[in-house]
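**Student:** Questions regarding the structure given below will be posed in turn.
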């Protein structure tokens, strides 16, 4: 067994970092504007949390068998998700270090296994927070809360350490082996999803014409039932085996000798996995020199070849100026192109969720309306988190923008253009698929896309305005993310509620608008066209107002005073 | 002694350093000079144990940096060109961590002395993210000095320092060399190299163009007409169209 000691200096570092994070959070109250927003976020978080706690306390426990079925499945899905992610994009290093960790910890006089243990400790402290939240959510189903918390913590820790192991192994294997593994993992994941989908389709009732959201929820439930059935196959059962140990601990209903046995087994499994990680990493570390020599030879050959091709003239890309917005748009677009893999992954969830109405047997027009509405909803809720190619990616570079000889409005336009363009292209693609599956007149598609342009400008203006008022780093973790997400989620919910009111009001006045004499030649009394036009005009006005507000906020932003907390 | 023998390093499809050899004995100060992308930082990082050499042997006072990195790292300190501190940790906490990592005795006394010397005493409780560029550089230097390393590697150490900081750094570097440390400084400030260094290593396109004492450098490149300045020598040695012969004078 490896010598399991975490260097005292690294323990100190962990403690200092924990204290430092708390100190950073207190900076959220440093200026009046930050204090107002922080207080608002805290109040909202408390409201949401109390609501969640109350609904947990008063909710009915899940059926015992369903709970027991799902317990080993959730961590398995989490592990599979990470395997798919790693197959999609290979990690550059077995263990990712922050620049300061690289300098002080990796550069310090620590043994490799001490560094790996430090990484595991960081991982486990984050896992404990996740496990506590999960245990709170499952409180009504836990017969022995402490055993539940322990089981969830050990189970999640097992998955997190397993993820680390995947990264270390993937970083070790050759390019050819990685390609083979990638193919296998992606094929397996696609097969399981396909099988679950087939089961859901087979079990869907033939006359499904129920109400929209309820029918969609039923369909999602059938999909998960299908996934559960797939996991009950011999391979699924085999893969679940390690997680059933943790599940026994979570679902224990009395303190017995067997509970202690399951606890010991769970701890032993986690310890064994950590040992495997340390050993595999050590093997990786020892093999580094041989791989470095290979890499050096490849690089030497490549540089010799490139020296022969040096005569090829390089040409600079031609970027339209567009008042200064062009280069900014181009820069963000190049960034998006470089992150195409991650971007595709981020767009998958909203695409799948928006397309769910296609699985129902509605008429073409109703389906198109549902897909469009779902797309607008998820574009508001999920898409901005995946499309951060705007001010949010440039929190540390706002001073540079201020130095550019470009008017504030052009900077804003250049910064918003990329996420808006990608969002519109993505939405147009989803709607085109919807049109192909359930054909509707092309005018519907064009109208929807026309509507989505100002809607996206509105969404990204609001996102960026909040960001500039309350700048933050993209890779924040812990309570700060929770408070920020609460604030953003509430703001978006309010925005969505306001838009629903607007939709209702416009639907009521659309018939009157259609009858307006001066609009008669255009609308010819068509109240649907009047509604669509009124909606477009309203959203466009809101987009213009919000863009103006964003421009003003950017113009007044002081990169020295409004530094990132 | 810092000993680098036939060091090679490649990144992806680029060869950054090829066949570099040099040594720095106790009390010597080596100035590493060369154009951007010559391989100075790569060489320093490799000696510090932060990156692995593709080929070659690197030793710090007898300890192989690859085979026994912990022993080698215990004897050296590296200050990178852009120190990456923990933003949330205070000045004191950085030094406390360093003291703990290197088992520094009398850390409190040493820390107070260093902070006084580098004018950071009134910033002890400030988190690193609130420090200016120069102050971060000073803190990184304090962390490097804290365990009295036998080998000091400093990459562009004057960046961001105020005149007082520059003077203090030069003085303390000389003192540490006099006390027996082997010092390597990478810099583009040729006057400083001329002023502070006993030896010079000129790197260009990943290869050594000259390695020897400052006097040997001048005698190698001095023409009959005039006495060559280090700046003139630098251009003579690194000019692409007329690369200088590879010269190693130091024994």
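Protein chains in written order, with this note's numbering: chain Z, 1 to 565; chain C, 1001 to 1251. Note that CB positions come from ideal geometry on N, CA and C, so glycine has one too.
#1: Quick check: the region 165 to 176 of chain Z against the region 131 to 149 of chain Z, are there 3 or more CB pairs under 8 Å?
#2: Who are residue 1078/C's beta bridge partners in DSSP?
#3: When you compare the CB positions of residue 406/Z and residue 341/Z, do they come within less than 9 Å of one another, or not?
#4: Could you tell me whether the region 62 to 80 of chain Z touches the region 1095 to 1109 of chain C, using the rule of 3 or more Cβ pairs below 8 Å?
#5: What are the partner residues of residue 1011/C, as DSSP defines its beta bridges?
#6: Ignore the nearest five residues each way along the sequence and tell me which others in residue 359/Z's own chain have a CB closer than 7 Å to its CB.
#7: For residue 146/Z, is the classification buried or exposed, using 16 other Cβ atoms within 10 angstroms of its Cβ as the cut-off for buried?
#8: Run through the region 421 to 492 of chain Z for me and flag every whole alpha helix (DSSP H) of 4 or more residues, listed as ranges in chain order.
#9: Please tell me whether residue 20/Z and residue 1125/C are closer than 9 Å, where the distance is taken between their beta carbons.
#10: I want to verify the contact list: residues of chain D whose CB lies under 8 Å from the CB of residue 17/Z, in sequence order.
#11: I need the straight-line Cα distance from residue 1079/C to residue 1152/C, nearest angstrom please.
#12: Exposed or buried, which one is residue 83/Z when buried takes at least 16 other CB atoms within 10 Å?
#13: Within 9 Å of any Cβ in chain Z, is that where the Cβ of residue 1013/C sits?
#14: Contact criterion: CB-CB distance below 9 Å. Does residue 1137/C meet it with respect to chain Z?
#15: Spell out whether any CB of chain C is found under 9 Å from the CB atom of residue 6/Z.
#16: Taking 9 Å as the CB-CB cut-off, is residue 490/Z touching chain C?
#17: Quick check on this structure: which residue in 78/Z, 545/Z and 449/Z has the alpha carbon closest to the alpha carbon of residue 465/Z?
#18: Would you mind working out which of 244/Z, 110/Z and 468/Z sits nearest residue 5/Z, comparing C-alpha positions?
#19: Is it right to say residue 578/Z is buried, meaning 16 or more other beta carbons lie within 10 angstroms of its own, or is it exposed?
#20: If residue 1201/C sits next to residue 1030/C, beta carbons under 8 Å apart, how far is it from one beta carbon to the other, in whole angstroms?
#21: Where residue 265/Z and residue 167/Z are concerned, what is the direct C-alpha to C-alpha distance, given to the nearest angstrom?
#22: Could you please give the first and the last residue of the uninterrupted alpha helix (DSSP H) stretch that includes residue 1098/C?
#23: Counting pairs of Cβ atoms below 8 Å between the region 527 to 542 of chain Z and the region 377 to 386 of chain Z, do you hit three or more?
#24: Answer with buried or exposed for residue 488/Z, where buried requires no fewer than 16 other C-beta atoms within 10 angstroms of its C-beta.
#25: Does the beta carbon of residue 108/Z sit closer than 9 Å to a beta carbon anywhere in chain C?
#26: Taking the C-alpha atoms as reference points, what is the distance between residue 42/Z and residue 485/Z?
#27: Under the DSSP definition of a beta bridge, which residues are partnered with residue 956/C?
#28: Hey, is residue 209/Z's beta-carbon within less than 9 Å of any beta-carbon in chain C?
#29: At what residue ranges does the region 1110 to 1181 of chain C contain a whole run of the alpha helix (DSSP H), taking only runs of 4 or more?
#30: Give the straight-line distance between the Cα atoms of residue 420/Z and residue 453/Z, rounded to the nearest whole angstrom.
#31: Residue 316/Z: buried (16+ other C-beta within 10 angstroms of its C-beta) or exposed?
#32: Where does the unbroken beta strand (DSSP E) through residue 1029/C begin, and where does it stop?
#33: Straight-line CA distance for residue 209/Z to residue 367/Z?
#34: What separation, rounded to the nearest whole angstrom, lies between the Cα atoms of residue 392/Z and residue 471/Z?
#35: Note the first and the last residue of the continuous alpha helix (DSSP H) segment covering residue 358/Z.
#36: Residue 552/Z to residue 408/Z, Cα distance in whole Å?
**Tutor:** Taking the coordinates as given:
#1: Touching, no.
#2: Locating residue 1078/C in the second chain gives position 78, counting from the first residue. DSSP links residue 1078/C through a beta bridge to 1153/C.
#3: In the first chain, counting from the first residue as 1, residue 406/Z sits at position 406. In the first chain, counting from the first residue as 1, residue 341/Z sits at position 341. No. Outside cutoff.
#4: Counting C-beta pairs closer than 8 Å gives fewer than three between the region 62 to 80 of chain Z and the region 1095 to 1109 of chain C, which falls short of the contact rule.
#5: Locating residue 1011/C in the second chain gives position 11, counting from the first residue. Assignment of beta-bridge partners to residue 1011/C by DSSP yields 1014/C.
#6: Walking along the first chain from the start, residue 359/Z turns up at place 359. Cβ-Cβ distances below 7 Å link residue 359/Z to 219 in the same chain, with the five nearest sequence neighbours on each side left out; the list follows chain order.
#7: As a first step, residue 146/Z is located in the first chain; it is residue number 146 there, counting from the start. With fewer than 16 Cβ atoms within 10 Å of its Cβ, residue 146/Z is classed as exposed.
#8: For the region 421 to 492 of chain Z, whole alpha helix (DSSP H) runs of length 4 or above, ordered along the chain, are 442 to 469.
#9: Working through the first chain from its first residue, we reach residue 20/Z at position 20. Working through the second chain from its first residue, we reach residue 1125/C at position 125. No, these two residues do not count as a Cβ contact at 9 Å.
#10: The chain inventory of the structure shown lacks chain D, comprising the protein chains Z and C.
#11: Locating residue 1079/C in the second chain gives position 79, counting from the first residue. Locating residue 1152/C in the second chain gives position 152, counting from the first residue. Each residue's alpha carbon lies about 8 Å from the other.
#12: Here residue 83/Z refers to the residue found at position 83 of the first chain. Residue environment for residue 83/Z: buried (at least 16 other C-beta atoms within 10 angstroms of its C-beta).
#13: On the second chain, residue 1013/C is found 13 positions in, with the first residue counted as 1. Cβ-Cβ to chain Z under 9 Å: yes for residue 1013/C.
#14: Here residue 1137/C refers to the residue found at position 137 when the second chain is read from its first residue. Taking 9 Å as the CB threshold, residue 1137/C stays off the interface with chain Z.
#15: By 1-based counting over the first chain, the position of residue 6/Z is 6. Residue 6/Z does not count as touching chain C.
#16: As a first step, residue 490/Z must be located in the first chain, where it is residue number 490. Residue contact with chain C for residue 490/Z: absent (no Cβ-Cβ distance below 9 Å to any residue of chain C).
#17: One-based indexing of the first chain puts residue 465/Z at position 465. The residue with the shortest Cα to Cα distance from residue 465/Z is 545/Z.
#18: Position 5 of the first chain, counted from the start, is the residue given in the question as residue 5/Z. If we check each option's Cα against that of residue 5/Z, 110/Z comes out closest.
#19: Not covered by the structure: residue 578/Z. The range shown for chain Z is 1 to 565.
#20: Along the second chain, read from residue 1 onward, the residue named residue 1201/C stands at position 201. Along the second chain, read from residue 1 onward, the residue named residue 1030/C stands at position 30. The beta-carbon separation of residue 1201/C and residue 1030/C, rounded to 6 Å, stays under the 8 Å limit for a contact.
#21: Position 265 of the first chain, counting from 1, holds the residue named residue 265/Z. Position 167 of the first chain, counting from 1, holds the residue named residue 167/Z. Cα to Cα, the separation comes out at about 25 Å.
#22: By one-based count along the second chain, residue 1098/C stands at place 98. Per DSSP, residue 1098/C belongs to the alpha helix (DSSP H) from 1091 to 1101.
#23: The region 527 to 542 of chain Z, when compared against the region 377 to 386 of chain Z, does not touch it at the 8 Å Cβ threshold.
#24: Here residue 488/Z corresponds to residue number 488 of the first chain, with the count starting at 1. Answer is buried; the Cβ neighbour count reaches 16.
#25: The residue given as residue 108/Z occupies position 108 in the first chain. It does; some Cβ of chain C falls within 9 Å.
#26: In the first chain, counting from the first residue as 1, residue 42/Z sits at position 42. In the first chain, counting from the first residue as 1, residue 485/Z sits at position 485. Those two C-alpha atoms are separated by around 11 Å.
#27: Outside the displayed range of chain C (1001 to 1251) lies residue 956/C, so it cannot be described from this structure.
#28: Residue numbering aside, residue 209/Z sits at position 209 when the first chain is read from its first letter. With a pLDDT of 49 at residue 209/Z, under the threshold of 50, the predicted position of this residue should be treated as unreliable, though the coordinate-derived value follows. Chain C, which has no Cβ nearer than 9 Å to the Cβ of residue 209/Z, makes this no.
#29: As far as the region 1110 to 1181 of chain C is concerned, its whole alpha helix (DSSP H) runs of at least 4 residues are 1133 to 1146 and 1163 to 1178.
#30: Reading the first chain from its first residue, position 420 is the one you call residue 420/Z. Reading the first chain from its first residue, position 453 is the one you call residue 453/Z. Rounded to whole angstroms, residue 420/Z to residue 453/Z spans 7 Å at the Cα level.
#31: Within the first chain, numbered from 1, the residue matching residue 316/Z stands at position 316. Per the 10 Å Cβ criterion, exposed.
#32: Working through the second chain from its first residue, we reach residue 1029/C at position 29. Here the beta strand (DSSP E) through residue 1029/C covers 1029 to 1033.
#33: Indexing the first chain from 1 puts residue 209/Z at position 209. Indexing the first chain from 1 puts residue 367/Z at position 367. Here the model assigns residue 209/Z a pLDDT of 49, short of 50, so the residue's position is not dependable, and the following value carries that caveat. The alpha-carbon atoms of residue 209/Z and residue 367/Z are separated by roughly 11 Å.
#34: Taking the first residue of the first chain as position 1, residue 392/Z is located at position 392. Taking the first residue of the first chain as position 1, residue 471/Z is located at position 471. Residue 392/Z and residue 471/Z: Cα-Cα distance of roughly 8 Å.
#35: Taking the first chain and counting its residues from 1, the one referred to as residue 358/Z is at position 358. Going by DSSP, residue 358/Z is part of no alpha helix (DSSP H) at all; its letter is neither H nor E.
#36: Here residue 552/Z refers to the residue found at position 552 when the first chain is read from its first residue. Here residue 408/Z refers to the residue found at position 408 when the first chain is read from its first residue. Straight-line Cα distance between these residues: approximately 8 Å.
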